[in-house]
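Everything below concerns the one structure shown next.
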Amino acid sequence: MKILSVNAGSSSLKFQLYEMPEEKVLISGLMERIGIGDSFYTIKINGQKIKKTQELNNHEEAFEALVKELEGNHVVDSLDEIKGIGHRVVQGGDYFNKTEVVTDDVLSKIEELSSLAPLHNPAAVTGIKAAKEVFPNALQTVVFDTAFHQTMPKENYLYALPYSWYTDYKIRRYGAHGTSHKYVAQRANEILGRTDTKLITCHIGNGASISAIVNGKCVNTSMGLTPNAGLIMGTRCGDIDASIIPYIMEKTNMSPKEVDNVINKQSGLLAISKKSSDSRDIEDGIANGDENCILAQKMYVRRITDYIAKYYVEMKGCDAIIFTAGVGENSVDTRRDIINELSVLGVELDSDANNVRGKERLITTPSSSIKCYIIPTDEELMIAKDTYELAK
Ligand code: ADP
């Protein structure tokens, strides 16, 4: 059965078409600059990467270009072969704890939650509506980044703020990257050969979050109401003293929007290193003795180990720590720095095993108290799997 996995941004469309349940990728691609001029797209098929320039005025035209590629490359004989289309949605609030089939009610709830994800939810709705027009016979599903975190207990998702802020404005911890945390946790359980596990999953990329997962269910996660909570990220500050915000607004006359821009786009690794938001540049800086980069990396690693320590205590132990996403999969040095900080817990790095990028691997010694693994994430496959289950 052919299943399409879709991630629509406001001006982009990322897709992968799978043959399920074999999990074989038939074609994948990314369409960019949709509706803003100079559009283009790249597709990957049969090991070849092809770039094409074509004006795409809206997401419907993007899907139509996709159809042309599917037919032109003989990936499908008829569009009806595609039985399901799974859409990534960033914010599902507390309405959705699992992947759902798209209905009018589901769509209106996603639209209602736009105030919590103003850049992402409206784009997903646009993508879903366009896909419905172009693939009227496929089952449409929505896979939420927040759904996996809905199993958190109330003491972990509530903020110590007036309760009416929760009831009236839905202010609580929702988390993010749920599809990725779920994927690597399932894979870790497969590797460990059991499901009664305590896992700490570290999704560290440009955006970053850590989850505590007991018996396959999320019990805590570091992102909050928005994706600017918890860890220090490329350009986001993560956890800070909340009173800094009104204080700096009074001091500088910045508007809420301006402060929001600073804490989301001009903070994190970029602010401390004064150089870059990218871990590769920080590593180069450290190699050249750059004091700001050294400090940025110390702060970055400290925040991660703070969360690991917190979840270790909360779960009363841990069977495995998983590293995934851009930094987690590729930064040999960051993984080394984190694991060395955990030596007090008896965690022991295997330096040779750790010297790898983007490969699934155990990176601790046989005598390590906690096993640490690199597990490359695959959110698109997770979306396809969920959609396949609903479509079959
Ligand atoms: P996003 O959150 O945008 O999906 P990714 O998970 O793709 O981000 O992570 C991107 C980040 O991964 C880059 O900004 C960079 O910091 C880091 N990264 C990628 N490759 C490497 C590498 N070889 N060494 C160190 N860091 C890397």
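Everything in the sequence shown is counted per the numbering used here, starting at 931 for the first residue and increasing by one. For glycine and all other residues, C-beta sits at the position ideal for the given N, C-alpha and C.
Check: Flag this pair as yes or no: are the beta carbons of M961 and A992 separated by less than 7 Å?; Outcome: yes
Check: The ligand PLP and S941: does the residue's C-beta get closer than 6 Å to at least one heavy atom of that ligand?; Outcome: This structure lacks the ligand PLP; its bound ligands are the ligand ADP.
Check: Give the range of the alpha helix (DSSP H) segment to which S958 is assigned.; Outcome: Per DSSP, S958 belongs to no alpha helix (DSSP H); it is in the beta strand (DSSP E), 954-962.
Check: Check for me: the alpha helix (DSSP H) holding L1200 runs from which residue to which?; Outcome: 1198-1203
Check: Would you identify the three-state DSSP class for R1102, choosing helix, strand or coil?; Outcome: coil
Check: Got a sec? Which residues, its chain only, sit under 8 Å from N1027 by beta carbon, not counting five neighbours each side?; Outcome: A1077, Q1080, T1081
Check: Within 10 angstroms of its Cβ, does Y1177 collect 16 or more other Cβ (buried), or is it exposed?; Outcome: exposed
Check: Can you tell me which of the three DSSP states A1138 falls into?; Outcome: strand
Check: Starting from G1057, trace the alpha helix (DSSP H) both ways and give me its first and last residue.; Outcome: 1051-1064
Check: I want to know whether the region 1247-1259 touches the region 1122-1134 - three or more CB-CB distances under 8 Å.; Outcome: yes
Check: CB of A1255 to nearest heavy atom of the ligand ADP: below 6 Å?; Outcome: yes
Check: For the ligand ADP, any of its heavy atoms closer than 6 Å to the Cβ of D1035?; Outcome: no
Check: Please report how far the alpha carbon of S1185 lies from the alpha carbon of M1179, in whole angstroms.; Outcome: 7 Å
Check: Rounded to a whole number of angstroms, what is the C-alpha to C-alpha distance between A1172 and S1152?; Outcome: 16 Å
Check: Alpha helix (DSSP H) containing I1193: first to last residue?; Outcome: 1186-1195
Check: According to DSSP, is R1117 helix, strand or coil?; Outcome: helix
Check: Curious, which full-length alpha helix (DSSP H) runs of at least 4 residues does the region 1260-1312 contain?; Outcome: 1262-1271, 1281-1284
Check: What residues in its chain sit with their C-beta under 6 Å from that of A1138, if we drop five residues either side in the sequence?; Outcome: L1161, M1163
Check: Is S1261 close to the ligand ADP? I mean its beta-carbon at under 6 Å from any heavy atom of the ligand.; Outcome: yes
Check: How big is the Cα-Cα spacing for L1088 and I1040?; Outcome: 22 Å
Check: Shorter than 6 Å, the distance from the beta carbon of N1323 to the closest heavy atom of the ligand ADP, or not?; Outcome: Not covered by the structure: residue 1323. The range shown for the chain is 931 to 1322.
Check: Look at the alpha carbon of D1214 and the alpha carbon of A1106, and state the distance between them as a whole number of angstroms.; Outcome: 30 Å
Check: Can you grab the Cα-Cα spacing for the pair Q1116 / L1320, in whole Å?; Outcome: 19 Å
Check: Give the C-beta separation of T1125 and G1154 to the nearest angstrom, bearing in mind that I take them to be a contact with Cβ-Cβ under 8 Å.; Outcome: With 8 Å as the limit, T1125 and G1154 do not qualify as a contact, their Cβ atoms being about 28 Å apart.
Check: Specify the secondary structure class of F1253 as computed by DSSP and reduced to three states.; Outcome: strand
Check: Touching or not, the region 1302-1321 and the region 943-952, by the rule of three or more beta carbon pairs under 8 Å?; Outcome: yes
Check: Going straight from the alpha carbon of I1224 to that of G1198, what length do you get?; Outcome: 14 Å
Check: Under a Cβ-count criterion, where at least 16 other Cβ atoms within 10 Å of its own Cβ denotes burial, should E1030 be classed as buried or exposed?; Outcome: buried
Check: Would you kindly report the start and end of the unbroken alpha helix (DSSP H) that includes Y1177?; Outcome: 1174-1182
Check: With N1150 as the anchor, note down where its alpha helix (DSSP H) starts and where it stops.; Outcome: Here N1150 belongs to no alpha helix (DSSP H); instead the beta strand (DSSP E) covers 1147-1151.
Check: Can you tell me whether V1072 is buried or exposed, with buried defined as 16 or more other CB within 10 angstroms of its CB?; Outcome: buried
Check: L1037: which of E1290, Y1237, V1055 sits nearest, CA to CA?; Outcome: V1055
Check: Taking just the CA atoms, how far does E1120 sit from I1268?; Outcome: 24 Å
Check: Is N1194 near the ligand ADP - that is, is its Cβ less than 6 Å away from at least one heavy atom of it?; Outcome: no
Check: Assess, as a yes-or-no matter, whether the region 1281-1291 is touched by the region 1094-1110 under the definition of 3 or more beta carbon pairs within less than 8 Å.; Outcome: no
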